[in-house]
Structures are given as structure tokens and as C-alpha cells.
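Positions 31 to 270 (the working numbering) are the ones given, in order, by the sequence shown. Glycine residues also receive a C-beta, built at the ideal position from the N, C-alpha and C atoms.
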Amino acid sequence: MTPQYVLQAEDVAIHYGGVKALDGVAITLERGQIRGLIGPNGAGKSTVIDAITGRTRLTRGKVVLDGEDVSHLGAVERRRRGLSRSFQRTSIFGGMTVLKQVELASYKMGVVDPGADAKAVLEELNLDNLTHVHAEDLGYGEQRRLDLALALVGRPKLLMLDEPMAGLSVKESLDLAQHLKALTSRWDVSVLLVEHDMDVVFGISNVVTVFELGRVIADGDPASVRANPRVREAYLGSAA
Ligand SMILES: Nc1ncnc2c1ncn2[C@@H]1O[C@H](COP(=O)(O)OP(=O)(O)OP(=O)(O)O)[C@@H](O)[C@H]1O
Ligand SMILES: [Mg+2]
């Protein structure tokens with residue numbers, strides 16, 4: 031039986047002493063779906079990625095991946111089960127070639143044929159013409175795509191991306207957005223996309239969640255979320 035959801039995070043709470051960074055949020059992802067996650071600074075967007083991927087211990091709640099409760103597994107175990115992420119700060123090594131880095135990441139993941147895996151990932155992201163370039167010689171937009179490549183080794187089912195478009199030009203952002211869209215259909219990847227660029231979020235997401243102060247204040251299709259009065263209030267004067 032195939033479960034309806036690739037990801038179900040239920041009643042997730044992360045408290046730091048008295049600070050309720052997250053206080054009972056629910057997030058689901060269906061296969062091949064892109065869910066945009068927006069909210070003001072400090073709303074808990076990065077924290078929920080940490081919680082789902084196992085970087086931060088849950089105060090309360092559970093995380094179910096493909097029908098399996100992974101709440102008590104560490105980040106490495108969850109990654110091996112197909113739950114991947116990218117970080118805001120790149121994890122690239124400047125002195126290594128693009129190909130070597132992706133192969134190394136694949137090898138570390140325990141992939142049977144890291145060479146073939148790396149090649150497939152680089153082709154998918156149109157980085158195959160840059161395989162022998164050192165990462166430090168890449169343009170910033172290409173570095174962000176290399177970040178995505180590193181997150182894609184081992185063919186994850188789920189990708190949690192924390193502001194992958196930050197610092198990119200409009201053209202580079204659209205380019206990255208198209209790659210994400212293609213990945214969902216060609217590789218069956220589901221994406222949780224935390225992003226400040228509203229045009230990108232509302233443009234490519236199938237569903238959108240809005241956080242405010244560690245809680246979900248809206249969840250639904252892009253048009254209804256955009257029209258939601260509470261969302262408009264939270265974003266008073268901004269692009270929503
Ligand atoms: N290690 C920590 N200890 C204490 N408080 C923390 C810790 N990490 C995060 N917080 C708090 O949790 C809340 C949510 O932070 P988080 O970084 O998830 O917000 P965000 O939505 O990602 O914001 P931004 O848009 O600025 O990236 C904030 O109030 C933050 O100060
Ligand atoms: Mg953040």
C-alpha cells in the first residue's frame with residue numbers, strides 16, 4: 031500500500047526554554063508536491079526544517095516519512111531514508127571539482143555507484159558542462175545549484191530547501207524554480223520550499239503554508255492563501 035503522504039509532521043513543537051519556536055504545527059507533503067512555506071522573520075520556518083530532518087529534537091509531536099514514524103531517528107538515518115535538505119549557508123568545498131564533490135557526497139551516503147549517481151544529478155541540474163570546474167570558480171548562481179546537487183545524491187524522496195533563491199538574480203531564481211518543478215515530475219521528489227520571494231513561492235507551489243510566531247495561520251492553495259485576510263495582515267505592505 032502506498033501511503034497518501036510522503037511526509038506527515040503532526041503537532042510539532044520545539045521549545046527553547048520559554049521560547050516557543052514552534053507550537054503545534056502540522057505539515058504534509060504528497061508525492062511530487064511543492065509546498066511553499068512563508069512567514070515573517072522568526073516565525074519558525076528554519077526550525078521546522080530542523081525538526082523534520084532530525085537536526086533538532088522535538089519537544090512534542092511526530093514526523094512520519096512514507097508511513098514510518100521517524101521521530102526517534104537521527105538526521106543521518108532520516109537522510110538515508112530519503113529526507114534531504116539544503117542549508118542557507120553553502121556546504122561547498124572551494125578547492126574540489128564539481129564532479130568530485132558530488133561523487134564524494136554520494137559515496138558518503140552509501141550509494142552503490144556514486145559515479146553514476148553524481149552524473150545523473152549533474153545532468154538533471156545542467157551542471158554536466160561544469161564537472162571539472164573548481165567550486166570556487168563557479169558563479170554564485172551555479173554554487174546554489176551545486177548545493178542542490180549535493181542534496182539530491184542518493185535520489186531523495188523529499189527535499190527541504192531553506193531560502194535557496196537568496197542572493198540570486200531574477201533570471202537565476204526562475205531557472206532554479208524550473209529545475210525544482212522538473213525534479214518533482216521527473217524524479218518524483220516532493221519539496222518543502224522556504225522562500226522570501228513571493229513571486230517564486232506563489233508561482234511554483236501547489237500548496238502554501240503560512241507561519242506566524244510558531245503556528246500555522248493559513249494553509250491551502252496559493253490563490254486562497256494569498257486572499258486570506260490574516261496573511262495579508264501579517265504581510266501588511268509587502269508582496270502578499
Ligand atoms: N537555538 C535556539 N535557541 C533559542 N531560540 C531559538 C533557537 N533557534 C531559533 N530560536 C528562535 O526560534 C524562533 C524561530 O526561529 P527560525 O530561525 O526558525 O525563524 P525563521 O522563520 O526561519 O526566520 P527567518 O525568516 O529570519 O529565517 C525565533 O524566535 C528564534 O529566535
Ligand atoms: Mg530561517
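Apart from sequence neighbours up to five positions away, the residues of its chain that approach G124 with a beta-carbon distance below 6 Å are A165, E166, ordered along the chain. Per the coordinates, the alpha-carbon of I44 lies some 14 Å from the alpha-carbon of E242. In the three-state DSSP reduction, L52 falls in the strand class (E or B). In the DSSP annotation of this structure, the continuous segment of the beta strand (DSSP E) that includes Y35 starts and ends at 35-46. With fewer than three CB-CB distances shorter than 8 Å, the stretch 134-152 does not count as touching the stretch 95-104. Contact residues of ligand 1 (beta-carbon closer than 5 Å to any heavy atom; chain order) are Y46, V49, A51, N71, G72, A73, G74, K75, S76, T77. Judged by their CB atoms, R108 and T89 are not nearer to each other than the 8 Å cut-off. Secondary-structure assignment with DSSP links A248 through a beta bridge to V240. D192 has its CB nearer than 7 Å to a heavy atom of ligand 2.
The three-state secondary structure of R262, taken from DSSP, is helix. Here T127 carries a strand assignment [DSSP, helix/strand/coil]. The three-state secondary structure of H162, taken from DSSP, is coil. A buried status is given to K187, since no fewer than 16 other beta-carbon atoms sit within 10 Å of its beta-carbon. V36 is the residue among H226, V93, V36, L52 whose C-alpha sits nearest the C-alpha of L59. Taken through DSSP and simplified to helix, strand or coil, K92 comes out as strand.
Counting the other Cβ atoms within 10 Å of the Cβ of D251 gives fewer than 16, which makes it exposed. Where S116 is concerned, the enclosing beta strand (DSSP E) starts and stops at 113-116. In the DSSP assignment, T58 is bridged to Q38.
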